[in-house]
Amino acid sequence: MAASQVGLADQAFLSKIDRLRELNVKSTDLPQLVAIGDQSCGKSSVLESLTGCSFPQAPDLCTRYATQISCRREAEECVDISIIPRQDEDAATEQRLRAFKRSMPRLSNETLAQIIQEANSAMGIRMTTDNTDPGLQTFSNDTLKIEICGLEQEHFSVIDVPGIFRYPDHHSPQRTTCSFEGRPRRVRTMGVLTKPDLVTEAATQQVVKELVLGRRNTLRLGYCIVKNRGADDHGLAISDRIALEKAFFNKSSWREILSSGRCDTESLKVRLSSLLMSISKQEFPYVKAEVAKQLEQRRRELESMGPSRTDSSTQRICLGRLGARFQAVTQCALNGFYDSEPVFAEKPNLKLVTAITKMNESFANTFWKAGHKRYVSPEWSDEGEPTYSVIEAASLSYVALGYPELDGIIEDEYVCPKLTTFNQDSIVDHINKVYQMNGPELGTFSGAILSATYREQTEKWEPLVLSHMSDAIWFVHDYISTLLAQICPDEQVRNRLWDTVLVEALCSAYTKAMEQARFLLRIERQGRLSRLQ
């Protein structure tokens, strides 16, 4: 009666949980009952009594994957069997497994055995040791779902998982115990003692009865006890086996626990139904909040991808929006309006104008202090002076930083050597060396001496300028790549934009910038010197 009331009152509520499980919502913990136990501990027999679904018994039909059994109270009697693919399944296999569906008004043992064989084949299960096909597997992470509907059914769902393999130990009580868990903690574990007909010693029977009555209990939900079907009970109907079970526990050796509410399959089903409903009601608010959170996250991701791009018109609109978004963020980056866009807080390396300004200041400082080759001053001393560079950092390997397209365009970072200083002897030697370039001019010296001296004094300019240009180009290139990844989360679209539209145009612009820098250097260093009044 209690189980019936629970099923009638909350069938729609529990159906929502089962629907989420059917949709393969693995990222959210769903309330569920799971049957756990050793191989051959009687799980399938217990589940058969609880659900009315007769599992075939054969050496090659042991549980190789999770089996979800759901009972529904419906006006029309039917049985639907399907496969729920695992979450990380590839699209083709997932489509094939979801296409596996079997429906029938009633389910016989022979039909279920045949369907299980077909499901094993669909999941790629190796059922015999003789089969050496490398494409087959012993166990599967897919789930076989069996939904049983009818007027006599009560809303009940349980998941049977593959049993735990152990070495045979006929003296261990674990072989006659299975459990139902609402969550993997002992406070949510209900022990189910099976095969009591194998317990013949009075002392052992007393231990079992004390467990059922809670006198030596280590589980918060306690223990229940059921009698599995025997080897001669395969032809009996479920109702006949339930009657035999009641008769067994009505014997004098077990009558002490008969009124405990924890004895026989019907009592177990009442407790499991109440447990399932209690767990579901307790966890449902958290499930609802988590699902809402993930839905909102997926909506944001979907919105960031833009509208559907099924034709050239919508594709142009999408590209236009991406371009407008890129331009808006870049305007803020160039003007230093970093509080206008949240992306600058997430990606500090997008603060473009700040980085370029620091690079320019470092370049100007280096150029002023160490851009010339020689320094002539009676007070000059290079003691304690550092080695200057365009950016005071370790040398950058641009190709290693993920932009091989810049190879051949930009130069490696240049580190300025220390200035050459003169003492009285060395400056005389240098003057004599320069004077060797003098021409036939009478009473003076050739203007070529000044040009040669000037080019020698400015020989650091070219590597300094080209290194500074290279650093600026690399930073701009990284800025464009990073910002594109932020505003265009669709990797396929982003890669095609980058490879087919941007890279070639950007590299062309970078090449022109480097050529312009070299042109200005030639004008400044190779041109004819003139005097300005």
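Here the sequence shown is numbered in my numbering, starting from 3 and rising by one per residue.
Here a beta-carbon is modelled for each residue, glycine too, at the ideal position from N, C-alpha and C.
Quantities reported herein were computed from a predicted structural model and do not represent experimental measurements.
Inter-residue Cα distance where the pair is residue i and residue j
i: Glu-78; j: Arg-218; result: 45 Å
i: Leu-336; j: Ala-372; result: 30 Å
i: Pro-33; j: Leu-22; result: 11 Å
i: Ile-118; j: Cys-80; result: 17 Å
i: Gly-44; j: Asp-31; result: 27 Å
i: Ala-204; j: Ser-280; result: 36 Å
i: Leu-221; j: Val-214; result: 11 Å
i: Trp-463; j: Val-495; result: 42 Å
i: Ile-88; j: Val-503; result: Looking at the sequence provided, one finds Arg at residue 88 rather than Ile. The alpha-carbon atoms of Arg-88 and Val-503 are separated by roughly 39 Å.
i: Val-201; j: Lys-283; result: 38 Å
i: His-374; j: Thr-455; result: 11 Å
i: Arg-185; j: Leu-277; result: With a pLDDT of only 49 at Arg-185, under 50, the local geometry of the prediction cannot be trusted, and no value is derived from it.
i: Leu-466; j: Arg-520; result: 11 Å
i: His-172; j: Thr-206; result: Summary for His-172: the model assigns pLDDT 43, below 50, so the residue's position carries little reliability; its value from the coordinates is reported in the next sentence. Going from the Cα of His-172 to the Cα of Thr-206 covers about 14 Å.
i: Thr-422; j: Gly-404; result: 38 Å
i: Glu-1; j: Ile-227; result: Any question about residue 1 goes unanswered here, given that the chain covers just 3 to 535.
i: Tyr-481; j: Met-471; result: 15 Å
i: Glu-268; j: Lys-211; result: 18 Å
i: Asp-313; j: Leu-297; result: 28 Å
i: Leu-99; j: Met-125; result: 7 Å
i: Gln-329; j: Gly-322; result: 10 Å
Run of the alpha helix (DSSP H) containing residue i, from where it starts to where it stops
i: Thr-368; result: 354-372
i: Leu-114; result: 111-125
i: Arg-547; result: No answer is possible for residue 547: the residues shown for the chain start at 3 and end at 535.
i: Cys-476; result: The displayed chain sequence assigns Trp, not Cys, to residue 476. That run of the alpha helix (DSSP H) goes 463-489.
i: Val-495; result: 493-499
i: Thr-206; result: 204-214
i: Ile-240; result: 240-251
Where residue i falls, given that 16 or more other Cβ within 10 Å makes a residue buried
i: Ala-68; result: buried
i: Ile-525; result: exposed
i: Leu-531; result: exposed
i: Asp-90; result: exposed
i: Phe-346; result: buried
i: Ser-537; result: A question about residue 537 goes unanswered here, because the residues of the chain that appear run from 3 up to 535.
i: Val-160; result: buried
i: Asn-122; result: buried
i: Gln-70; result: buried
i: Gly-39; result: buried
i: Thr-484; result: exposed
i: Tyr-288; result: exposed
i: Ile-83; result: buried
i: Val-2; result: Outside the modelled stretch of the chain, which goes from 3 to 535, sits residue 2, for which no answer is possible.
i: Lys-420; result: exposed
i: Ser-310; result: exposed
DSSP bridge partner residues for residue i (one or two, in chain order)
i: Ile-227; result: Leu-195, Cys-265
i: Gly-137; result: The partner list for Gly-137 (beta bridge, DSSP) is empty, contrary to what the question assumes.
i: Glu-413; result: According to DSSP, Glu-413 bridges with nothing at all.
i: Gly-152; result: Arg-75
i: Leu-146; result: Thr-69, Ile-85
* Can you check the segment 298-348 for any alpha helix (DSSP H) of at least 4 residues that lies completely inside it and give the ranges in chain order? => 314-337, 345-348, all fully within the segment 298-348.
* Entirely within the segment 46-107 and at least 3 residues each: give me those beta strand (DSSP E) ranges in chain order. => 68-75, 80-86, 103-106
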